[in-house]
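Below you'll find the structure, written out as structure tokens, and then a few comments.
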Amino acid sequence: MNRRPMMGLIFIQLKKGKTMRPFFDLAKLTERKIGHGFLIDNVPLSKILECNHSPVYVTSLNAVAERVNIYQTTLKKYFKNNSIFYAMKANFSNPILKQVQETTAGVDIVSIGEWRAALKAGFSPQKICFAGVGKKEEEWREAIEGGLGYLNVEHLDELKDILNYISDNINKLKFIPVISLRLNPCLEVKTHPHLKTGALDSKFGILFEHFEEWVINIKQVFPNSQAFQEWISPLKGIHVHVGSQLMENKIFSLIIEKILECASFMFENNIKPYHIDLGGGLGVPYEGVSLDGTDISVHVEFFCSTLINLAKKYKKLHILWGNQCENLFVCFEPGRSIVASSTVFLTKVLYTKHNSNDHNFCFVDGAMNDFPRPSIYNAKHQCEVVNFENSEFLKQNSLRKKIHWQIVGPVCESGDFLSKDALLPKLFKNDVLAFFEAGAYCRSMASHYNLRKLPAEIFIKNGKIIEIIEN
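Its first residue numbered 1, the sequence shown is counted upward by one per residue in the UniProt record's numbering.
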């Protein structure tokens, strides 16, 4: 992988067109030519095209920072003890990780590879939360020995192994992580089946009744209550994450009830749960809906106010948390909702083919290995022509007639598509298409299928291209 820093290139700000996305300005169709008519964080498309990379992901780091800050600002209104852990599985590109680190947020990881990437990006080990449904012992040991701050467990045997390890090495470890039990609340949510993580048929988390039984049985192993409390003392939190692409708040009240029920049981059994990890999962509308930050603030405000209000019913927890939960540590693990709208995927037209009036194919140089969400999840991303190569076509005023296109790539799979039904004008070779909300689970899920190169990445900040990654 070859990295080229691009410093000192300041570009002229073009006249802004209407936009639904901060940091992305798209002019009307007739102005989208010669690299004009599309701005990404004040950088004109012409400067991006000069980099000569296609397909390519283009990211506004300011957009990333803004959405992290909205999470942080809103959460601080409710809880003085708080944190945001960016779920780096959504996008692990180093410039994005560095930008998140600069906001003082932490990072959520699910593998030892992500642990090492987080450290490389400058995150303090104490600001890293290690989750994951199948962690190897050597993985969690490396992280704990490296000063890991937070550790979420998803198996009772895993919890026992980790607590035994900490107990046996208590004098050797520089830092004891806060351990949280990932609770499976057994709730059905409206999302893609592959994105459900908190239902009875899900592999994720621990059922409350199983945890209850485990606590009752394992207490009997210890000679007295004090010995049990010392052994289990690193277990201080409850973690819940029921799925991704969640667009409704109603389910969250039920989630919080489950958390409070579990917290009450823990407190009654000499376990002090002062740490609540509310996970991530906030959905992103991919088809032309405004993403101005209110989606985040409304979500966080609902979650926090509901938690405080419902906790009033659990008087015993007030001893630990305070009447307004002022002593409670609350965190979120957002990924998609931070980075999805920060990035656009650009790809050039190669050829077009018209098999019939209903079967119009546009072949582009990007493919399912570069931009995998449509083929994996049947996801629909808003697609726009952002640069017309044929200026004469624009002069003919032929843009009113739209065609239903299937946007497909060069990979030898019938499932290789970027859009099954993109309503666009007539397209020509070298026209540039943009797919929006491409920052999450796109580049991070890309592959070398068909031995294709990974797409390049361009990062923009404050009106400058600051880095290009040639994969």
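We put the CB at the ideal spot given by N, CA and C, even for glycine.
As the structure is a computational prediction, the values presented were derived from the model and not from experiment.
Under the Cβ criterion (8 Å, minimum of three pairs), the segment 365 to 373 does not count as touching the segment 70 to 90. Phenylalanine 123 is classed as buried because its beta carbon has at least 16 other beta carbons within 10 Å across all chains shown. Unbroken beta strand (DSSP E) runs of no fewer than 3 residues, entirely contained in the segment 381 to 412, are found at 383 to 387 and 403 to 408, following chain order. In this structure, valine 344 lies near valine 58, with their beta-carbon atoms less than 7 Å apart. Between lysine 219 and phenylalanine 228, the C-beta gap is smaller than 7 Å, which places the two residues in contact. For valine 432, the three-state secondary structure derived from DSSP is strand. Serine 419 and glutamine 406 do touch by the CB rule: their CB atoms are close to 7 Å apart, below 8 Å.
A distance below 8 Å between beta-carbons, with the five flanking residues on each side excluded, links glycine 280 to the following residues of its chain, in chain order: Ala87, Asp108, His241, Ser244, Phe332, Glu333, Pro334, Gly335, Arg336 and Ser337. When secondary structure is reduced to three states using DSSP, proline 44 falls in the strand class. Secondary structure of glycine 237 (DSSP, three-state): strand.
Within the same chain, and ignoring the five residues on either side of histidine 275 in sequence, the residues whose Cβ sits closer than 7 Å to its Cβ are Val178, Ser180, Lys236, Gly237 and Phe329.
Between the C-alpha atoms of phenylalanine 222 and lysine 250 there is a straight-line separation of about 42 Å.
By the neighbour-count criterion, in which 16 or more other beta carbons inside 10 Å mark a residue as buried, threonine 347 falls on the buried side. In terms of Cα proximity to leucine 320, the closest of Cys412, Gly113, Val298 and Glu268 is Glu268. For histidine 318, the three-state secondary structure derived from DSSP is helix.
The Cβ neighbour count for histidine 299, taken over all protein chains shown within 10 Å, is at least 16; the residue is labelled buried.
Segment contact: the segment 154 to 172 against the segment 137 to 145, three or more CB-CB distances shorter than 8 Å; contact assigned. Rounded to the nearest angstrom, the gap between the Cα atoms of alanine 90 and asparagine 355 is 37 Å. Taking 3 residues as the shortest admissible run, the segment 142 to 216 contains the following complete beta strand (DSSP E) segments, listed from N- to C-terminal end: 150 to 153 and 178 to 184. Look at leucine 423 here: in three-state DSSP terms it is strand. Glutamate 392 sits exposed, since fewer than 16 C-beta atoms from the chains shown fall within 10 Å of its C-beta. Counting the other CB atoms within 10 Å of its CB gives lysine 426 a total of 16 or more, which places it among the buried residues. With respect to glycine 113, phenylalanine 85 sits apart: the two C-beta atoms are not nearer than 7 Å.
Annotation: leucine 454 to isoleucine 256 spans about 41 Å, alpha carbon to alpha carbon.
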